[in-house]
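Chains as they are written, first to last, in our numbering: chain A, 31 to 149; chain B, 31 to 149; chain C, 31 to 149; chain D, 31 to 149; chain E, 31 to 149; chain F, 31 to 149.
There are 6 protein chains.
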Amino acid sequence: MGNYAEFVRFRQEMNKKILEQGNLDIKRFFALDEKTYQEGSLSKKVKELMGLSASMVLRCDDCIAYHIIQARAAGASRDELFETFSISLLAGGSIVIPHLRRAVALMEELEKSEDVSRE
Amino acid sequence: MGNYAEFVRFRQEMNKKILEQGNLDIKRFFALDEKTYQEGSLSKKVKELMGLSASMVLRCDDCIAYHIIQARAAGASRDELFETFSISLLAGGSIVIPHLRRAVALMEELEKSEDVSRE
Amino acid sequence: MGNYAEFVRFRQEMNKKILEQGNLDIKRFFALDEKTYQEGSLSKKVKELMGLSASMVLRCDDCIAYHIIQARAAGASRDELFETFSISLLAGGSIVIPHLRRAVALMEELEKSEDVSRE
Amino acid sequence: MGNYAEFVRFRQEMNKKILEQGNLDIKRFFALDEKTYQEGSLSKKVKELMGLSASMVLRCDDCIAYHIIQARAAGASRDELFETFSISLLAGGSIVIPHLRRAVALMEELEKSEDVSRE
Amino acid sequence: MGNYAEFVRFRQEMNKKILEQGNLDIKRFFALDEKTYQEGSLSKKVKELMGLSASMVLRCDDCIAYHIIQARAAGASRDELFETFSISLLAGGSIVIPHLRRAVALMEELEKSEDVSRE
Amino acid sequence: MGNYAEFVRFRQEMNKKILEQGNLDIKRFFALDEKTYQEGSLSKKVKELMGLSASMVLRCDDCIAYHIIQARAAGASRDELFETFSISLLAGGSIVIPHLRRAVALMEELEKSEDVSRE
């Protein structure tokens, strides 16, 4: 996952390059991917936690990082995140554990950066 | 997935046989799996929808059937189920579609059986 | 995979129901999925064979059936299909074999139905 | 998984057709796949149980059926099979459970057919 | 994926060590894996693009890097690579995106090194 | 996988943080995961090699590292480890190869550290 700032920077830089390439199908997929997580019958927060559990059982560190950031921005509490981790762990098994370790490391990094910005 | 009644019957019969075998680790896993979906910081309904999205991206028809049944029993609406399907489809890709077809067929079967029992 | 006619019928019936539900994200995904396989820098045939190899390593019988049908309609020969199987087998391992067996059974069913329609 | 006799028949019939097609890479893969499970530093029984746990976490019913049959033929006991199930369940998570149910159903079918042939 | 030169070096060094160990089954698998991608009814280029799409949906960064290098050496254009990415994205879903970002980063590194060697 | 010492340190530090959070379901899962690998009808060594093959086909580098360390501590020889690799490679396909390279690199690091501690 690398550290938080580097993850955000690389994601932004490469997404820009991918979209500039001009492949229409990829562009549409990216747009649709964002639209799907907007508030609907289910709240933005619940949708992001769902994206998080899907990312954990599929074991994608970058996707986990992204949905933790989004879920927290949408108001998810630490307990809600850990209950999401717990469901993902039971559904996906012990192979989820290394990703859980990296997820918790990211959460701590995020919380520290929020503390700093609050001072 | 077979039809709904047969799914429920086979699930019940085989779970009983598995637990009677006396392997303690498996017994504990089954108990823990049930406990994880109980009401907590997240509602039972949200947890079941999360279990559903995890099952869809991991493409497990029986798990999908089980969580649809549980989510509906916990009050999930048709729209909430379809938003869960939509997130699962975007996260897991077009290989989720055959499971989506079987999920919708099960939903219709469930709704019909509810109509009958209401008469 | 069931037999060929039943596969086509169920696919058509359920896709119709899914699209009628009116979830826009799912509708757009279905449209995009079809568009991606259209002739481009790569031919339709090559794209379908690519969809086939992706489906085999992800072990999705319905997706395999669909892409075999499409690849044959786009002119793929038996040898080209078997070379696609061979790459999928090496990349995805022996767990691909049961899907390969069902793929070959479908191919034979397709070839027989073509022989009949030619008479 | 269907029932045991049908699984064995279809497997045999389709493997024959696949090998007759004359794709050399596929033929070599099939030969290598068989060779790998032969007695070595690890016993045949341990290798089959390993193949079983790999098949369970990858959730391939036909592969599970095949390795249960082979493991039993190599002398694996019911307890050894259930300990293999237990490790697979913990590693692969609750999505392994539907496959576990079908695995136990097959085991019972196998045991019954052995009882009959012993009389 | 690390950077291109390091990927090639580590791959070479470790493959050598693996083959020197003298496990015959592993040696044969490596040989067969290489043979499968040779020109046949399908061209080398198409086979490498197929290996690329299989690697993307299975989300294996090193495999993606390897097949991009091979596909370019076999003459695949930027557009053909992006159409392969597009099919992989639709088939495998948004969890493919982080691998797509790293794939494009590698492509750019490759193109730069070619520009340098051309001067 | 990073290097061996860093892997062990990060694993220990983060497991501690995860367990301190007080989510009971996660705590129970961790306890159950450890219990499952204890000596039973199958030896500790065989169970760890099984955990290793499951980790390889699921392609989890940290899980592979952990089970190699545990299997060696339980007395597994180099040949037994390579036969486990070989089964995993055949079952999981060529996408297992990058993980095999990192597994062998870890094994060599482990063997060197044992040589040093013996002097």
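Every residue, glycine too, gets a C-beta built ideally from N, C-alpha and C.
Going by alpha carbons, who is nearest to residue i out of the options?
i	options	result
Val76(F)	Ile117(F), Ala104(F) and Val87(F)	Ala104(F)
Leu120(D)	Cys93(A), Arg132(A) and Ser124(A)	Ser124(A)
Ile117(C)	Arg41(E), Phe40(E), Lys74(E) and Glu141(E)	Lys74(E)
Val126(B)	Leu111(C), Asp63(C), Arg108(C) and Phe112(C)	Asp63(C)
Ala135(B)	Gln42(C), Ala95(C) and Asp109(C)	Gln42(C)
Glu36(C)	Asp92(C), Arg58(C) and Leu72(C)	Asp92(C)
Arg108(E)	Leu111(C), Ile56(C), Val38(C) and Ser71(C)	Ser71(C)
Glu141(D)	Thr114(D), Arg58(D), Phe40(D) and Ala106(D)	Ala106(D)
Phe112(B)	Leu54(C), Asn33(C) and Arg39(C)	Leu54(C)
Cys90(C)	Asp145(E), Gly122(E) and Cys90(E)	Gly122(E)
Phe115(F)	Ile56(E), Arg39(E), Asn45(E) and Tyr34(E)	Ile56(E)
Glu110(E)	Tyr96(E), Glu78(E), Glu139(E) and Ala95(E)	Glu78(E)
Ile94(E)	Met137(E), Met44(E), Arg39(E) and Lys46(E)	Met137(E)
Met44(F)	Glu139(A), Met44(A), Arg39(A) and Asn45(A)	Glu139(A)
Lys46(D)	Asn33(D), Asp145(D) and Phe60(D)	Phe60(D)
Kindly list, in the order they appear in chain E, the residues whose Cβ is closer than 7 Å to that of residue i.
i	result
Met80(C)	Leu79, Met80, Ser83, Thr114 and Ile117
Ile125(B)	Ala121
Gln51(A)	Phe112
Going along chain D in order, which residues have a C-beta closer than 9 Å to the C-beta of residue i?
i	result
Arg131(C)	Phe40, Arg41, Glu43, Met44, Asn45, Lys47, Ile48 and Asp92
Check whether the Cβ of residue i lies closer than 8 Å to any heavy atom of the ligand HEM, and answer yes or no.
i	result
Ile117(C)	With respect to the ligand HEM, the structure offers nothing, as it holds no ligand at all.
My output table needs one value for residue i: the three-state DSSP class, helix, strand or coil.
i	result
Thr66(B)	coil
Ile53(E)	Reading off the sequence, residue 53(E) comes out as Asn, not Ile. Note: Asn53(E) maps to coil in three-state DSSP.
Leu119(E)	helix
Leu136(C)	helix
Cys93(D)	helix
Gly167(A)	What the structure shows of chain A is the stretch from 31 to 149, and residue 167(A) is not part of that stretch, so it cannot be assessed.
Leu88(E)	coil
Arg39(A)	helix
Asn33(F)	coil
Leu111(F)	helix
Leu8(E)	Absent from the model: residue 8(E). The displayed extent of chain E is 31 to 149, so no value can be given.
Glu141(B)	helix
Along chain B, which residues have their Cβ under 9 Å away from the Cβ of residue i?
i	result
Leu72(A)	Val76, Leu79, Asp109, Glu110, Glu113, Thr114 and Ile117
Give me the chain F residues within the contact set of residue i, using Cβ-Cβ distance strictly less than 9 Å, ordered along the chain.
i	result
Asp55(D)	Per Cβ cutoff of 9 Å: no residues; Asp55(D) is ~12 Å from chain F at best.
Quick one: which chain B residues come within Cβ less than 7 Å of residue i?
i	result
Ala135(D)	Met44
Does residue i get closer than 9 Å to chain H when you measure Cβ to Cβ?
i	result
Tyr96(B)	Among the chains of the structure shown, chain H does not appear; the protein chains present are A, B, C, D, E and F.
Inter-stretch contact at 8 Å, needing at least 3 Cβ pairs: the segment 93-105 of chain B / the segment 62-77 of chain B = Yes, they touch.
Along the segment 86-110 of chain B, what residues have a CB closer than 8 Å to any CB found in chain E?
-> From the segment 86-110 of chain B, only Val87 have a Cβ closer than 8 Å to chain E.
With contact counted as at least three CB pairs below 8 Å, one residue from each stretch, are the segment 81-92 of chain E and the segment 48-58 of chain E in contact?
-> In short, these stretches do not touch, since the Cβ pair count stays below three.
Any chance the segment 84-95 of chain E sits against the segment 130-144 of chain E, with 3 or more Cβ pairs inside 8 Å?
-> Touching, yes, given that three or more Cβ pairs across the two stretches are closer than 8 Å.
Near-chain B residues of the segment 58-71 of chain F - C-beta to any C-beta below 7 Å | Against chain B - using a Cβ distance shorter than 7 Å - the residues of the segment 58-71 of chain F are Arg58, Phe59, Leu62, Lys65 and Thr66.
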